[in-house]
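Beneath this line is the structure, given in structure tokens, with notes to follow.
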Amino acid sequence: MNEQQNHTATQDSTVTVIGLGPMGQAMTRTLLTAGHPVTVWSRTASRADGVVTDGATLAATPSEAVEASDLVILSLTDYQAMYDILDSVTASLAGRTLVNLSSDTPDRSREAATWAAGHDAAFLTGGVMVPAPMVGTEAAYVYYSGRDKVMEGHLAALTLLGTPKYLGEDPGLAQMMYQAQLTVFLTTLSGLMHATAMLGTAGMKAKEALSELLSSADSIGDILRAGEENPGTALDAGEHPGGLSTVTMMGATSDHIVETSTSLGLDLALPLAVQAHYRRAIENGHGSDNWTRIIDSIREPR
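The sequence shown runs contiguously to residue 289 in the working numbering.
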């Protein structure tokens, strides 16, 4: 660890946070509580009011914000926002570390790492896997990718936000994992709302429906673990043993969901998408395989 990295790891080193939505504000307060001086900047200046009251320093310009710290954390809508803010202050980036915790695509993360390197700045991609109120708690964790030595140099400050989970040097890996996690999250949310709407047609209130549906959602992990000691091992081996939940059985269930949703006048986008996975697997002769066989048409869609 060199002298600069050692400095950035100390508890009292200044950190800059650019972007003060709920996530940026939560990160700022977490760092302040741990004793770090924090400089902040936001395109919407009023968002800084609360954290400035809590002890943060408001920079007048992006360049002032960047120059205040070796470690610059970005919490923005997307990566384009980073360029919008920093393209005019690239002369200030040399020797600093940018940690972009904004959501975007893996390819844009890789492009951003190249852009940062072109301005002599180090770059880490990150994905925060908890909502803002949970930042800094024991439940918080953050995926990172990029050069491991860059992460090591700022590990003390980054650990305050959540347990760091380092995935490798490819700057796109953290975004890939973030998007994969959100694929599970968002489709589950849509499934819960579709099911709630379905039960609502029978007069069931959402508070009654969700108490049952959330129990089902909570059990999915346990169900998958019960079927395989290390979930994914059979998938990696290209094995889909159909002793329990076959494609045909699950496909029939998806047909019934589509029929029920149609009769109730509900939107069919989600159930039709699920049904299509099973129908393609059956068409390809895999009806007797385990339901995991649907991954084939996801990997290689028509």
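Cβ atoms here follow ideal geometry from the backbone N, Cα and C, with glycine treated the same way. The structure presented is a predicted model; accordingly, all values stated were derived computationally and were not measured.
By the DSSP assignment, the alpha helix (DSSP H) with residue i in it spans what residues?
| i | result |
| --- | --- |
| residue 192 | Where residue 192 is concerned, there is no enclosing alpha helix (DSSP H), given that its DSSP letter is neither H nor E. |
| residue 284 | 282 to 286 |
| residue 101 | 93 to 105 |
| residue 260 | 256 to 270 |
| residue 52 | 49 to 54 |
Just curious, the beta strand (DSSP E) that residue i is in, first and last residue?
| i | result |
| --- | --- |
| residue 43 | No beta strand (DSSP E) holds residue 43; DSSP gives it neither H nor E. |
| residue 109 | 109 to 115 |
| residue 26 | 25 to 28 |
| residue 61 | 58 to 61 |
| residue 228 | From DSSP, residue 228 is part of no beta strand (DSSP E); its letter is neither H nor E. |
| residue 132 | 128 to 133 |
| residue 76 | Counting along the chain, residue 76 falls outside any beta strand (DSSP E), and DSSP gives it neither H nor E. |
| residue 240 | Taken as a continuous stretch (DSSP letters only), residue 240 belongs to no beta strand (DSSP E), being part of the alpha helix (DSSP H) at 234 to 251. |
Relative to the alpha-carbon of residue i, which residue among the options has its alpha-carbon at the smallest distance?
| i | options | result |
| --- | --- | --- |
| residue 260 | 227, 275, 241 and 31 | 241 |
| residue 164 | 174, 152 and 36 | 152 |
| residue 156 | 289, 68, 177 and 132 | 132 |
| residue 264 | 61, 237, 25 and 189 | 237 |
| residue 250 | 37, 173, 188 and 158 | 188 |
| residue 82 | 61, 74 and 108 | 108 |
| residue 118 | 88, 177 and 244 | 88 |
| residue 69 | 98, 206 and 248 | 98 |
| residue 103 | 127, 207 and 134 | 134 |
| residue 231 | 219, 130, 223 and 215 | 215 |
| residue 142 | 166, 113 and 46 | 113 |
| residue 39 | 16, 51, 50 and 49 | 16 |
| residue 243 | 254, 262, 178 and 256 | 262 |
| residue 21 | 159, 122 and 179 | 122 |
| residue 136 | 120, 194 and 110 | 110 |
| residue 252 | 150, 186, 75 and 128 | 186 |
Just to confirm, is the Cβ distance from residue i to residue j under 8 Å?
| i | j | result |
| --- | --- | --- |
| residue 94 | residue 65 | no |
| residue 2 | residue 25 | yes |
| residue 59 | residue 85 | yes |
| residue 322 | residue 154 | In the structure displayed, the chain extends from -12 to 289; residue 322 sits before or after that span and is not available. |
| residue 245 | residue 228 | no |
| residue 56 | residue 10 | no |
| residue 234 | residue 276 | yes |
| residue 13 | residue 27 | no |
| residue 269 | residue 222 | no |
| residue 6 | residue 29 | yes |
Which of helix, strand or coil does DSSP assign to residue i?
| i | result |
| --- | --- |
| residue 173 | helix |
| residue 85 | strand |
| residue 122 | coil |
| residue 20 | helix |
| residue 277 | strand |
| residue 220 | helix |
| residue 3 | strand |
| residue 65 | coil |
| residue 289 | coil |
| residue 141 | coil |
| residue 329 | What the structure shows of the chain is the stretch from -12 to 289, and residue 329 is not part of that stretch, so it cannot be assessed. |
Should residue i be flagged as near chain C, meaning a C-beta pair shorter than 8 Å?
| i | result |
| --- | --- |
| residue 178 | Protein chains in the displayed structure number just one, and chain C is not present. |
So within the segment 144 to 168, which uninterrupted beta strand (DSSP E) runs reach at least 3 residues, ignoring any that extend past its ends? 150 to 153
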